[in-house]
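Read in order, the letters of the sequence shown correspond to residues -26 to -1, 1 to 397 in mature numbering (1 follows the signal peptide of the UniProt record, and there is no 0).
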Amino acid sequence: MVAMVCAARAFVWSLTVLSILSVGLGHDSCCAKAAMVGESEVTMVPDMNARKPEDWDDEEDGPWERPLIPKPPDAVVTIFFRDLLNTLEDASPWLLLGLLLSGVVKAVTPTSFAQQMRGSGGLPLAKGAFLGLMSPLCSCSALPMALGLVTAGASPGAAVAFVVSAQAAGVDSLLFTVGILGLRCAIARTLAAGLLGMAAGFVTPSGANGLNRSSKRMADPDACPSTSGSWLQCVGRGLQEALTDDFDEIAPSLMLGFSIASLLAALLPAGGLAQIALLGGLWGRASAIAVALPLQFCEHASVPLAVALQKAGATGGLSFAVLASLPAINSASIALVAQLAGLRAALQVLLMIWLCGISLSYIADFANAEVVQVGHSHDGLPQWFVYISKPLMGVIASLSVWRLSSFGTATRATGFLGIVFTL
């Protein structure tokens, strides 16, 4: 049984390694994909089944060419693997950044700081949500940071509040939203992200903790030396732990989430989300938000998506609800919440954000909100970091497969398969 579990783990991560190492393949950025959700682009291709008429004379009629027809849709399997490859390539720089920041935070942050976010009261949740809003982290970077907070002593509820608010908005996306949609919309989005984070943390059980190794780390007195002379050693130890143990812990959840998001993207036709949004009424709002939530869109990608939905005819309130709630949760973060606090807590968080998204759509419509495209500016990570992060993440993933397969560590793989079968 252990051998079968390890073989399954190795297969999953072999796919991940091959995908991340495919640096040379072209792909659309997350923002470019988001802009096309509300549109349907038709590509014309030659009809390979057409045959040259027998009475065709090239001298009189000219060279015969095959007639053009709309390109048939790609197979679901082809779309799935292409979207999964693109998602992994887009996510690898942010995931590496999150792992590095998580290691540094463990080294320089006193344990008492994270322990202040312990408990089920409103103050720990507010601290977690505020920390998420102040963090310039994209979707995948927030997940390793949340794991670091839990292992340092924060409650799962505070960690979930951090993840949701960090994914929904941040200091970097605030400036981006100002440039695209204006200051008023950016402020409203930031406030909505904080409220979503606190609401998600509120429904997360405070005593739940799916990480069996957390208490062991917290009890280790040598986890981070307090002497200034060993500060570099402390940082090095934190980075090593983040790139090995932390990555092994969240990798199955990320891969599961990315796979679910890619499968939904393959099954959802072009312009399908806009068509659902145009149904109108409570059913249209609820369906559009429910379909969009598991998809993998970062806080930047939701901006052109909201603009595209409003251009397609959706109300300003629904467009704002998608802008605020869509990046707050996705399949990867749902799987991680299930790992941190259990499957029931993950479903409660998903339901809470869905209900909050519907409420936000009506509130924004009542306030006559509109999402208007006024410009475009997007500053991402440095190109050199993007280039080196993809092969580095491939190496990190390869080492993860080697560690868990060679030494027979099947605990996390068993948990991963359990989440798959449960879902």
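Just so it is clear, CB atoms sit at the ideal spot from N, CA and C, and this is done for glycine as well.
- A direct Cα-to-Cα measurement between residue 320 and residue 340 gives close to 30 Å.
- Annotation: residue 71 to residue 79 spans about 12 Å, alpha carbon to alpha carbon.
- Residue 66 and residue 35 have their C-alpha atoms spaced approximately 55 Å apart.
- Within the segment 25 to 72, the complete alpha helix (DSSP H) segments of 4 residues or longer fall at 32 to 35, listed in chain order.
- Here residue 338 has 290, 291, 294 and 295 as same chain residues with Cβ atoms under 7 Å from its own Cβ, once five neighbours each way along the sequence are excluded.
- Within the segment 281 to 322, complete alpha helix (DSSP H) segments of at least 4 residues are found at 290 to 299 and 305 to 315, given in chain order.
- A straight-line Cα-Cα distance of about 29 Å links residue 374 and residue 323.
- Here the C-alpha atom of residue 287 lies approximately 11 Å from the C-alpha atom of residue 280.
- Look at residue 179 here: in three-state DSSP terms it is coil, with no helix or strand label.
- In terms of Cβ geometry, residue 377 and residue 332 do not form a close pair [threshold 8 Å].
- Here residue 54 has 236, 237 and 240 as same chain residues with Cβ atoms under 7 Å from its own Cβ, once five neighbours each way along the sequence are excluded.
- Listed in chain order, the non-local C-beta contacts of residue 32 below 8 Å within the same chain comprise 38, local neighbours out to five positions each way being set aside.
- Nearest to residue 21 by alpha-carbon distance, out of 121, 107, 44 and 28, is 44.
- When secondary structure is reduced to three states using DSSP, residue 226 falls in the helix class.
- Assigned with DSSP and collapsed to three states, residue 268 falls in coil, not helix or strand.
- DSSP links residue 20 through a beta bridge to 42.
- Straight through space, the alpha carbons of residue 226 and residue 276 are spaced by roughly 25 Å.
- In this structure, DSSP gives residue 91 a state outside helix and strand, which the three-state scheme calls coil.
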